[in-house]
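*Asks:* I have a structure here, written as structure tokens, and I will follow up with some questions on it.
2 protein chains.
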Amino acid sequence: MRIPILRLERILLVSIQVDLTDNDAMQFQSDLVERVAEIEALGVAIDITALDVVDSYMARVINDTANMVRLLGAEVVICGIQPFVALTLIEMGRGLLGADCAFNLSQALEMLKRRIAERGDTRFIGDEDV
Amino acid sequence: MRIPILRLERILLVSIQVDLTDNDAMQFQSDLVERVAEIEALGVAIDITALDVVDSYMARVINDTANMVRLLGAEVVICGIQPFVALTLIEMGRGLLGADCAFNLSQALEMLKRRIAERGDTRFIGDEDV
């Protein structure tokens, strides 16, 4: 099953709930960049609340995905990093360097909307539409 | 893989992307009602944009799920019904009687927020938090 990508106007929401295999990760990344390009997304929120463990492979996948999306010109926020995940990522010597983080999905959306507003991108039609 | 349930404050977002087997459907329904109860969700948006075909089994699953969530006391909106899906559902003599519908996820969120506001439920802290 593919990772669902939800759309809220020009923002995409993705929730990673399981460890991805190599194939899953490639499929996910190509689905996401295609979708970003298709709707000219202005921001992407990647929610990893459901992940209790993030190994170095998954950390790289998440980082790479964030960087891909940013190359296309969209903002990225990662949210829902569990305390234990934060602890192990830093102990492994890896942060999630590719993107900023938010506590939960609604804070991630706020952060994305603020960033998009700061860009002065008026194609995104403000709070009342999300 | 389980169907991801995303949380935006007291609203849950679900995107069904594939036809569900009996087991998937039961797992999905129990995951969803548990999650609704756990966070005392005020609303649930079920997005079926990705479904190009909805047979009578899937229609029943979606209806049943909506009714379960409503029994718990939360509002439900179904969104993203494709034109061809609407056509075949009505031709089969089935609507999605269990819930109201919205064009896309952001309209579903608006509808849920309006409904929740009409209930006078002040636990949900308004537009700026979603």
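Sequence lines, in order, name chains A and B. Each residue of the first sequence is one higher than the one before, counting from 1 in the UniProt record's numbering. Each residue of the second sequence is one higher than the one before, counting from 1 in the UniProt record's numbering. Ideal Cβ placement from N, Cα and C applies to all residues, glycine included. Predicted model, so just to flag it, every value in this text is computed and none were measured.
1. As a quick exercise: from Ala41(B), Ile3(B), Gln29(B) and Leu12(B), pick the residue whose alpha carbon is nearest that of residue 131(B).
2. Rounding to the nearest angstrom, what Cα-Cα distance links Leu12(A) and Ile46(A) in this structure?
3. Thinking Ala99(B) and Met111(B) are a contact (beta carbons under 8 Å), I'd like their distance in whole angstroms, please.
4. Can you confirm whether Ser56(B), when its beta carbon is compared against all beta carbons of chain A, has any partner nearer than 7 Å?
5. Straight-line CA distance for Ala59(A) to Glu34(A)?
6. Under 7 Å between C-beta atoms, does Leu8(A) make it to chain B?
7. Do the CB positions of Glu75(A) and Gly43(A) come within less than 7 Å of each other?
8. To the nearest whole angstrom, what separates the beta carbons of Ala37(A) and Leu72(A), a pair I think is in contact under 8 Å?
9. If you follow the beta strand (DSSP E) that Ile78(A) is part of, which residue opens it and which one closes it?
10. Distance, Cα to Cα, Gln29(B) vs Ser56(A)?
11. Would you mind telling me which residues of chain A sit closer than 7 Å to Pro83(B), beta carbon to beta carbon, in chain order?
12. Below 8 Å on the Cβ atoms is my guess for Gly80(B) versus Asn104(B); work out the distance and round it to an integer in Å.
13. Taking residue 176(A) as the query, report the chain B residues whose CB atoms sit under 7 Å from its CB, ordered along the chain.
14. Note down the Cα distance separating Val54(B) from Arg7(B), rounded to an integer number of angstroms.
15. Under 7 Å, do Ala25(B) and Val61(B) count as touching if we go by C-beta distance?
16. Enumerated in chain order, which unbroken segments of the alpha helix (DSSP H) with a length of 4 residues or greater are wholly contained in the UniProt domain "STAS" (1-93) of chain B?
17. Could you round the C-beta distance between Ser15(B) and Ala50(B) to whole angstroms and report it? I think they count as a contact, below 8 Å.
18. For a cutoff of 7 Å on Cβ pairs, would you count Gln17(A) as touching chain B?
19. Report the residue from Asp64(B), Thr21(B) and Val69(B) whose alpha carbon sits nearest the alpha carbon of Ala39(B).
20. From Glu118(A), Asn63(A), Ile5(A) and Leu109(A), pick the residue whose C-alpha is nearest to that of residue 133(A); which is it?
*Replies:* For this structure:
1. This structure leaves residue 131(B) out entirely; chain B is present only between 1 and 130.
2. Numbered from 1 along the first sequence, position 12 holds the residue referred to as residue 12(A). Numbered from 1 along the first sequence, position 46 holds the residue referred to as residue 46(A). Between Leu12(A) and Ile46(A), the C-alpha separation is close to 9 Å.
3. One-based indexing of the second sequence puts residue 99(B) at position 99. One-based indexing of the second sequence puts residue 111(B) at position 111. With 8 Å as the limit, Ala99(B) and Met111(B) do not qualify as a contact, their Cβ atoms being about 10 Å apart.
4. What you label residue 56(B) is simply residue 56 of the second sequence in a count that begins at 1. Output row for Ser56(B): interface = no.
5. Taking the first sequence and counting its residues from 1, one reaches residue 59(A) at position 59. Taking the first sequence and counting its residues from 1, one reaches residue 34(A) at position 34. Roughly 21 Å separates the two Cα atoms.
6. Translated into the one-based positions of the first sequence, residue 8(A) becomes position 8. Leu8(A) counts as touching chain B.
7. The count along the first sequence starts at 1 and reaches residue 75(A) at position 75. The count along the first sequence starts at 1 and reaches residue 43(A) at position 43. Taking 7 Å as the Cβ cut-off, Glu75(A) and Gly43(A) qualify as a contacting pair.
8. Taking the first residue of the first sequence as position 1, residue 37(A) is located at position 37. Taking the first residue of the first sequence as position 1, residue 72(A) is located at position 72. Between Leu72(A) and Ala37(A) the Cβ distance is about 6 Å, and since that is below 8 Å, they are a contact.
9. Position 78 of the first sequence holds residue 78(A). Segment Glu75 to Cys79, the beta strand (DSSP E) holding Ile78(A).
10. Within the second sequence, the letter at position 29 stands for residue 29(B). Within the first sequence, the letter at position 56 stands for residue 56(A). Those two C-alpha atoms are separated by around 33 Å.
11. As a working note, residue 83(B) is residue 83 in the second sequence. Ordered by position in chain A, no residue passes the 7 Å Cβ test against Pro83(B), which lies about 17 Å from the chain.
12. Mapped onto the second sequence, residue 80(B) falls at position 80. Mapped onto the second sequence, residue 104(B) falls at position 104. Confirmed, Cβ separation roughly 6 Å.
13. The shown model of chain A, from 1 to 130, leaves out residue 176(A), and the question about it has no answer.
14. Residue mapping note: residue 54(B) aligns to position 54 of the second sequence, counting from 1. Residue mapping note: residue 7(B) aligns to position 7 of the second sequence, counting from 1. Taking the straight line from one Cα to the other gives about 25 Å.
15. Position 25 of the second sequence, counted from the start, is the residue given in the question as residue 25(B). Position 61 of the second sequence, counted from the start, is the residue given in the question as residue 61(B). Going by C-beta atoms, Ala25(B) is nearer than 7 Å to Val61(B).
16. 22-39, 56-72 and 83-91
17. Position 15 of the second sequence, counted from the first residue, corresponds to residue 15(B). Position 50 of the second sequence, counted from the first residue, corresponds to residue 50(B). Ser15(B) to Ala50(B), Cβ: 7 Å. Contact.
18. Along the first sequence, one-based indexing puts residue 17(A) at 17. At least one chain B Cβ lies under 7 Å of Gln17(A).
19. By 1-based counting over the second sequence, the position of residue 39(B) is 39. Note that residue 39(B) corresponds to Ile in the displayed sequence, not to Ala. Taking only the C-alpha atoms, the option nearest Ile39(B) is Val69(B).
20. No information on residue 133(A) is available, as it lies outside the stretch 1 to 130 that chain A covers here.
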